[in-house]
Amino acid sequence: MSGTAGTAICVLRCDLRAHDNQVLHWAQQNADFVIPLYCFDPRHYLGTHCYSWPKTGPHRLRFLLESVKDLRETLQKKGSSLVVRKGKPEDVVCDLITQLGSVTAVVFHEEATQEELDVEKGLYQVCGQHGVKVQTFWGSTLYHRDDLPFRPIDRLPDVYTHFRKALESGARVRPTLQMPDQLKPLAPGLQEGIIPTMEDFGQKDPVTDPRTAFPCSGGETQALMRLQYYFWDTNLVASYKETRNGLVGMDYSTKFAPWLALGCISPRYIYEQIQKYERERTANQSTYWVLFELLWRDYFRFVALKYGRRIFSLRGLQSKEIPWKKDLQLFSCWKEGKTGVPFVDANMRELSATGFMSNRGRQNVASFLTKDLGLDWRMGAEWFEYLLVDYDVCSNYGNWLYSAGIGNDPRENRKFNMIKQGLDYDGNGDYVRLWVPELQGIKGADIHTPWALSSAALSQAGVTLGETYPQPVVTAPEWSRHIHQRPGGSPHPRGRRGAAQHKDRGIDFYFSRKKDAC
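What follows is the structure, given as structure tokens:
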């Protein structure tokens, strides 16, 4: 290494890990001193764009603080540390360049959406003014942007299935990077900086609810432990496809999303561990389905690259004119879990109390807000941005566009039936009872439709509609078909089973390709 290699600043954002990190990897090879830097950007703690809900709520803030602390400890064990500052990254980097006088490169992973791209533009301007090299990489997805069979990105398919098939047949996942055991030191005399507290942001540390399905801490260490547990210690991954629509407890799904959102775990590392698990233990529909879900995450990120600001537009990707309502009273019922529709209310209360909600729950409450209440989809998207511990801008807005019928859904007017969904996925009502305790006296599946019960039945259960629990703010005509129906009491509606088989064709292809590769 030349003695004039200088100092590299690694601006870390949603890549808070020491493993498979190309920014740190490049800096190690091209500088004498390396400064891993995380900035608490004040813009992340302002109001959301349309409705001014707080951008970062208490659950995600705590998870972020834990992740930053964990990365500092990991880097310290490797002879480095994480420098922490409060301020805009472009301003902090400018100050460091001026202070140190030895900075030769600023390195960062590129992001996909406007606010993050504005930061990158600011970094380029600062570095240009000071004659400092900028080195960037793409590292947030399973498949690298440059390896897509769609070039330029405008050719990205607008239907996920077409995207998935093209990647599974014609692209490869790049291997993870081997990181050195010891890292280059920080520049001499540089102060690490104090990691702020919840109180510094005017927030209180949220109490951990014992009912939570995500009782985990932030950070790379916990992310890797979770994978070890879910794959190797318990073999839960081998039944993921059967359990992934669960609602209660930690183990029905991988729960990787919060760590993926902050980059505490690399999607390529998950992929390599799946490959290893399939070689050493078993390969089945469940192990494939973990990759299927990672591909959805990739897809929404590439959709953001293709459409830019349009993913935040009221009219969506399809430029549809829909007369969305902005009824704040209705919205309050939804966000507080007081709609009078128990399956919706249970999910919304879980989100408020824990920052987490199952994938099944998210699809339902989004459908209810947009299709049953007819409210502006951005109200829901920004509320999720505020509360979700696993908030990821591309996945969040991609999914809300999909639910609102103005995104990447090939089916017109997809709408979830709240009662049927409750019966299908919470047949005995245990999930609703967990989160809507005022309905605990109602036995079995009847808990999903308290308004349909007789006065005597409600009285016996200790429920008074309009007093102890709300009357429903809306009832959809299609719900009536499922009132007083026992869970599993009717066949799947026409087409559902066929649709499931169609979706699983990707699995058949995956295994046939693996066989050919052996």
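For the sequence shown, this note's numbering begins at 8 and goes up steadily by one. Ideal placement from N, C-alpha and C gives every residue a C-beta, glycine not left out.
- Around LYS378, the same chain offers LYS422 as residues with beta carbons nearer than 7 Å, after the five sequence neighbours per side are excluded.
- By alpha-carbon distance to HIS151, the top candidate from MET257, ARG275, GLU127, GLU300 is ARG275.
- Remark: C-beta atoms of GLU97 and LEU130 approach each other more closely than 8 Å.
- Ranked by Cα distance from SER260, the options TYR278, PHE238, ASP154, SER273 are led by PHE238.
- For GLU73, the closest C-alpha among the options HIS26, THR228, ARG162 is that of THR228.
- Around the C-beta of ILE449, 16 or more other C-beta atoms lie within 10 Å, and the residue is accordingly described as buried.
- CA-to-CA, the gap between LEU460 and SER487 works out to about 13 Å.
- Taking ASP48 as the centre and dropping the five residues before and after it, the same chain places the C-beta of GLY94, LYS95, PRO96, VAL126 closer than 8 Å to its C-beta, in chain order.
- Uninterrupted beta strand (DSSP E) stretches at least 3 residues long and entirely within the region 60 to 117 occur at 90 to 93, 110 to 116, given in chain order.
- Fewer than three beta-carbon pairs drawn from the region 303 to 318 and the region 354 to 370 are found closer than 8 Å, and the two stretches are therefore not classed as touching.
- Between TRP407 and TYR306, the alpha-carbon positions lie close to 14 Å from each other.
- Taking all protein chains shown into account, GLY429 has 16 or more neighbouring C-beta atoms within 10 Å of its C-beta and is therefore buried.
- Taking C-beta atoms under 8 Å as the contact rule, PHE299 and HIS455 fail to qualify, at a distance of about 29 Å.
- With a cut-off of 8 Å on Cβ pairs, the region 99 to 111 is not in contact with the region 199 to 212, counting fewer than three such pairs.
- Distances from the alpha-carbon of THR471 to those of GLN447, GLU485, GLN492, HIS489 put GLN447 closest.
- Counting only residues of its own chain and dropping the five nearest sequence neighbours on each side, GLU249 has no CB closer than 6 Å to any other CB.
- One alpha carbon belongs to ALA411, the other to VAL348, and they sit about 19 Å apart.
- With a cutoff of 8 Å on beta-carbon distance, ASP154 and ALA178 are scored as near each other.
- Distance between ASP416 and ALA119, taken at the CA atoms: about 21 Å.
- Within the region 130 to 213, the runs of beta strand (DSSP E) at least 3 residues long that lie entirely inside it are, in chain order, 140 to 144.
- The beta carbon of VAL99 sits closer than 8 Å to those of LEU44, CYS46, ARG92, all from its chain and outside the five residues before and after it, given in chain order.
- Taking each of ALA220, ASP207, ALA388 in turn and checking the Cα distance to LEU441, the smallest one comes out for ALA220.
- For ALA245 against THR294, the beta-carbon gap comes to about 7 Å, under 8 Å, which counts as contact.
- Excluding five sequence positions before and after GLU357, the CB atoms of its chain that fall closer than 6 Å to its own CB belong to MET364, TRP442, given in chain order.
- Straight-line spacing of the CA atoms in LYS85 and LYS76 works out to 15 Å.
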